[in-house]
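**Student:** Take the sequence shown: its letters are residues 834 to 1360, numbered as in the working numbering. Positions of the beta carbon are idealized from the N, C-alpha and C atoms, including for glycine.
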Amino acid sequence: MESETNSQSTEDTVREILKEGSTFRNWDEASDVVYNHAKILGFNLCKSRKKECGGELRKRTFICERSGKPQKNKEDKQPDSKKILCPWHVNLSLPEKNNVEKLIIVTKFVDHHNHELHPKDFTVQVIQDVEILTKHCKVGAVIQRKYLRAKYPGHLLSNQDLSNVIGRFKTSREVLDVIKVFNHLIKQKDDSGWKEEPKTIITDTERAMDVAVKSVYRNCIHRYSIWHLLYSNSYHHVNKKLGSKHEKFLEDFFKCQNSLQEEIFLQGWQCLMKDYPEIVDYLTNTLYENRNYWAKAFVVETFTANLDSIFHVEVINSVISTTLANLQIPIFDLIDHINNQLEDHCRQIYEKHDQEIIRQAIFKTNDPRTMTLYELVNMQIERYLSAVCVNLQLHEMELSLNFIAKKYDIGLIKNIEKIFVAKRYFVVNDYYLPLSKIFSMINTNEILETWSVYDQHDRNFILLMNDGYHWCTCLNGIHYGLVCKHYFRVMTCTPKARFQITMISKRWYKENCENDPNFEPPLTYHL
């Protein structure tokens, strides 16, 4: 009974993954899901119609092997064809319009058959035997066939039907991973403790994870861990092919991966293809095909709470995991303990300082208007944010006083950025969104003012918009969900830069907050 229940749960999950509106990254992924769907449910597929445009596959239809009209023999004997007009079919399409990510979409799915999905001679007892022989004894089809025909001599167990039943239990590891991850995400989604769906999920490069994430969180941005991208099983073969060129390849790859403009990324990628011909297939099929998941030029605008998966993080994680395993301490208990300690520490530091001491210690300025503005901001964020986030936001306000802010017209600020970007070098976790990228996403007629904010080491640019919104090239507002130091500096120079608590991501608000942030007045610097 337990196996039947698990089987039914698996079938329900598979049906949830493949349905009208489901999307896939490429044709291989779509085909894998369709074939695994058939394998688990116990029927065979055939490829039917397809449509190509310019040598690229645009549409594909899969049908049940029992689809179509049966063919009669010439002598009007009983037809021996398997075709019985089964209606099951699925249409896949790669639309040219409104499909920037070039996703494969399920446009039509007729999910019912006019026949049983396993022959009637496969009784519950026979199927249970097949499950035991397949999953636990690891016995192949030939031995199973001999065993079952000897045990059930009165049953007609055809080779193909037996293979279909075996296929239901001999599910690929990837499909099992999809089901496991899918069920886990569904459980998390239904957890009443989640206030809203995640904006970004960073995982390894398993295709199963990608399918599961897209099935549960359709609006979520899915990113790949660079560590897992380069140290997957397929990468070991690349390492051998490159030999002594491996270190140089990593250097060139990271220059390309960390390019913040798509044009520069594409130029760098062409150089990789030219300089490392021995791994062109890997570069094209494994990396470039999934560039939207790992290249900064394509993922730089996503919320990550400023988290990223880089090499030293994974090394530290490995050391911690090994140590905890030896001490038999669950890692979740350690994380909870650390979080509680940090909360208590920040709260103790914050509570022992009153407002006057905070102003003297943090806001070292002789301008009383700046002190008043920052004091009002501090009072407002206290009502909504936790102690940890309050201190993070106060730190940004403190750092803002180390910068110089100058207003420029839009034409001049473009030229200033060109000079600055040309001298900019890559630093781990250093994000910068080029103005050209921002201009491509907004209506430049809605820009109120443009500002350059800089110190002796760094320079960023602020665009103030008509609707009160702003853009900063540092991307802290997107990655952290907090207001950045550059914007706070501009606030002390113009009343057109206003602080509103709604600028801060709701993820950082206190639980059960009684105040409504939408009714908080905007705070400005009074000249």
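If we count the other Cβ atoms within 10 Å of its Cβ and call it buried at 16 or more, is Phe-876 buried or exposed?
**Tutor:** On the sequence shown, position 43 is the one that residue 876 refers to. Classification of Phe-876: buried, given that the 10 Å Cβ count is 16 or more.
**Student:** Quick check: the segment 859–870 against the segment 1053–1065, are at least 3 beta-carbon pairs closer than 8 Å?
**Tutor:** Verdict: no, contact absent.
**Student:** On the CB-based measure, 16 or more other CB atoms within 10 Å of its CB, does Cys-1317 come out buried or exposed?
**Tutor:** As a working mapping, residue 1317 is identified with position 484 in the sequence shown. Buried, since its Cβ has 16 or more Cβ neighbours within 10 Å.
**Student:** Tell me the DSSP bridge mates of Glu-885?
**Tutor:** Counted from its first residue, the sequence shown places residue 885 at position 52. Its beta-bridge partners are Leu-890.
**Student:** According to the Cβ coordinates, are Met-1298 and Leu-1315 closer than 8 Å?
**Tutor:** The sequence position of residue 1298 within the sequence shown is 465, counting from 1. The sequence position of residue 1315 within the sequence shown is 482, counting from 1. Against a cut-off of 8 Å, the Cβ pair of Leu-1315 and Met-1298 comes out as no contact.
**Student:** Would DSSP call Leu-1083 helix, strand or coil?
**Tutor:** The residue you call residue 1083 lines up with position 250 of the sequence shown. Of the three classes helix, strand and coil, the one that applies to Leu-1083 here is helix, per DSSP.
**Student:** So, is His-870 buried or exposed, given that buried needs 16 or more other C-beta atoms within 10 angstroms?
**Tutor:** Here the question's residue 870 lines up with position 37 in the sequence shown. By the neighbour-count rule (16 or more Cβ atoms within 10 Å), His-870 is buried.
**Student:** Taking the alpha-carbon of Ser-1269 as reference, which of Val-1286, Tyr-1287 and Asn-1248 has the nearest alpha-carbon?
**Tutor:** Within the sequence shown, numbered from 1, the residue matching residue 1269 stands at position 436. Considering only alpha carbons, the answer is Asn-1248.
**Student:** Would you list the residues sitting across from Glu-1282 in a DSSP beta bridge?
**Tutor:** Against the sequence shown, residue 1282 aligns to sequence position 449. The partner list for Glu-1282 (beta bridge, DSSP) reads Leu-1297.
**Student:** Do Tyr-1207 and Cys-1346 have their C-beta atoms closer together than 8 Å?
**Tutor:** Against the sequence shown, residue 1207 aligns to sequence position 374. Against the sequence shown, residue 1346 aligns to sequence position 513. No, the Cβ-Cβ distance between Tyr-1207 and Cys-1346 is not below 8 Å.
**Student:** Assign Gly-1310 to buried or exposed, taking buried as 16 or more other Cβ atoms, counted over all protein chains shown, within 10 Å of its Cβ.
**Tutor:** Here residue 1310 is taken as the residue at index 477 of the sequence shown, counted from 1. Buried, since its Cβ has 16 or more Cβ neighbours within 10 Å.
**Student:** Can you tell me whether Pro-903 is buried or exposed, with buried defined as 16 or more other CB within 10 angstroms of its CB?
**Tutor:** Locating residue 903 in the sequence shown gives position 70, counting from the first residue. Exposed is the call here.
**Student:** Would Tyr-1109 be called buried (16 or more neighbouring beta carbons within 10 Å of its own) or exposed?
**Tutor:** As a working note, residue 1109 is residue 276 in the sequence shown. Classification for Tyr-1109: buried.
**Student:** Phe-1321 bridges to which residues according to DSSP?
**Tutor:** Within the sequence shown, numbered from 1, the residue matching residue 1321 stands at position 488. Note: Phe-1321 sits in no beta bridge, so no partner.
**Student:** DSSP has Arg-1292 in a bridge; who is on the other side?
**Tutor:** By one-based count along the sequence shown, residue 1292 stands at place 459. Beta-bridge pairing links Arg-1292 to Tyr-1287.
**Student:** Tell me which residue opens and which closes the alpha helix (DSSP H) that Val-1132 is part of.
**Tutor:** The sequence position of residue 1132 within the sequence shown is 299, counting from 1. Here the alpha helix (DSSP H) through Val-1132 covers 1129–1132.
**Student:** Considering Cα atoms alone, identify which of Arg-1051, Leu-1083, Leu-918 and Glu-934 is closest to Gly-854.
**Tutor:** Residue mapping note: residue 854 aligns to position 21 of the sequence shown, counting from 1. Nearest option by C-alpha distance: Arg-1051.
**Student:** With 16 as the cutoff for other CB atoms within 10 Å, does Leu-1266 come out buried or exposed?
**Tutor:** Taking the sequence shown and counting its residues from 1, the one referred to as residue 1266 is at position 433. Counting Cβ neighbours within 10 Å, Leu-1266 comes out buried, since at least 16 surround it.
**Student:** Going along the chain, which residues of its own chain have a beta-carbon closer than 8 Å to the beta-carbon of Glu-885, five neighbours each way excluded?
**Tutor:** Taking the sequence shown and counting its residues from 1, the one referred to as residue 885 is at position 52. The answer, listed in chain order, is Arg-891.
**Student:** Given that a residue counts as buried once 16 or more other Cβ atoms are within 10 Å of its Cβ, and exposed if not, what is Lys-930?
**Tutor:** Locating residue 930 in the sequence shown gives position 97, counting from the first residue. Exposed is the call here.
**Student:** Would you call the segment 966–974 in contact with the segment 936–944, where contact means no fewer than 3 C-beta pairs closer than 8 Å?
**Tutor:** No, because fewer than three Cβ pairs between the segment 966–974 and the segment 936–944 fall closer than 8 Å, the two stretches do not touch.
**Student:** Tell me whether the beta-carbon of Phe-895 lies closer than 8 Å to the beta-carbon of Leu-878.
**Tutor:** For the purposes of this step, residue 895 is identified with residue 62 of the sequence shown, where counting begins at 1. For the purposes of this step, residue 878 is identified with residue 45 of the sequence shown, where counting begins at 1. Yes, these two residues count as a Cβ contact at 8 Å.
**Student:** Measure the Cβ-Cβ separation of Ile-1112 and Lys-1074 and say whether it is below 8 Å.
**Tutor:** Here the question's residue 1112 lines up with position 279 in the sequence shown. Here the question's residue 1074 lines up with position 241 in the sequence shown. Contact: yes.
**Student:** How many angstroms separate the CA atom of Thr-940 from the CA atom of His-1070?
**Tutor:** Here residue 940 refers to the residue found at position 107 when the sequence shown is read from its first residue. Here residue 1070 refers to the residue found at position 237 when the sequence shown is read from its first residue. Thr-940 and His-1070: Cα-Cα distance of roughly 38 Å.
**Student:** Short of 7 Å in beta carbon distance, which residues of its chain neighbour Ile-917, apart from the five on each side in sequence? Order them along the chain.
**Tutor:** To locate residue 917, count along the sequence shown from 1; it is residue 84. Correct list, in chain order: Arg-899, Pro-903, Asn-947 and His-948.
**Student:** For Arg-899, does the three-state DSSP call read helix, strand or coil?
**Tutor:** On the sequence shown, position 66 is the one that residue 899 refers to. Coil.
**Student:** Using the C-alpha atoms, what's the distance from Leu-1296 back to Phe-1352?
**Tutor:** Walking along the sequence shown from the start, residue 1352 turns up at place 519. Walking along the sequence shown from the start, residue 1296 turns up at place 463. Approximately 25 Å between the Cα atoms of the pair.
**Student:** Taking all protein chains shown into account, do 16 or more other C-beta atoms lie within 10 angstroms of the C-beta of His-1145, making it buried, or fewer, making it exposed?
**Tutor:** In the sequence shown, the residue the question calls residue 1145 occupies position 312. Bear in mind that the predicted position of His-1145 carries a pLDDT of just 49, short of 50, making it unreliable; the figure below should be weighed with that in mind. Under this definition His-1145 is an exposed residue.
**Student:** What's the call for Asp-780, buried or exposed, on a 16-neighbour Cβ count within 10 Å?
**Tutor:** A query on residue 780 cannot be resolved here, the shown segment of the chain reaching from 834 to 1360 and no further.
**Student:** Closest to Phe-1086 by CA distance: which of Leu-1225, Asn-992 and Gln-1103 is it?
**Tutor:** Here residue 1086 corresponds to residue number 253 of the sequence shown, with the count starting at 1. The option with the nearest alpha carbon to Phe-1086 is Gln-1103.
**Student:** Rounded to the nearest angstrom, how far is the Cβ of Ile-1237 from that of Tyr-1302, given a contact under 8 Å?
**Tutor:** In the sequence shown, residue 1237 corresponds to position 404, counting from 1. In the sequence shown, residue 1302 corresponds to position 469, counting from 1. In fact, because the Cβ distance is near 24 Å, the residues do not count as touching under 8 Å.
**Student:** Please report how far the alpha carbon of Lys-1240 lies from the alpha carbon of Cys-1222, in whole angstroms.
**Tutor:** Counted from its first residue, the sequence shown places residue 1240 at position 407. Counted from its first residue, the sequence shown places residue 1222 at position 389. Lys-1240 and Cys-1222: Cα-Cα distance of roughly 30 Å.
**Student:** DSSP three-state call for Phe-1098: helix, strand or coil?
**Tutor:** Here the question's residue 1098 lines up with position 265 in the sequence shown. Here Phe-1098 sits in helix by DSSP.
**Student:** Under 8 Å by Cβ, that's how I've got Arg-1331 and Thr-1357 pegged, so tell me the actual separation to the nearest angstrom.
**Tutor:** Here residue 1331 corresponds to residue number 498 of the sequence shown, with the count starting at 1. Here residue 1357 corresponds to residue number 524 of the sequence shown, with the count starting at 1. Sure, about 5 Å apart at Cβ, within 8 Å.
**Student:** Please work out which residues of its chain come closer than 6 Å, Cβ to Cβ, to Thr-1283, disregarding the five sequence neighbours upstream and downstream, and give them in chain order.
**Tutor:** For the purposes of this step, residue 1283 is taken as the residue at position 450 of the sequence shown. So the qualifying residues of the chain are Tyr-1241, Ile-1243, Ile-1246 and Leu-1296.
**Student:** Just the Cα atoms here: how many angstroms apart are Cys-897 and Trp-1304?
**Tutor:** Position 64 of the sequence shown, counting from 1, holds the residue named residue 897. Position 471 of the sequence shown, counting from 1, holds the residue named residue 1304. Their Cα atoms are separated by approximately 52 Å.
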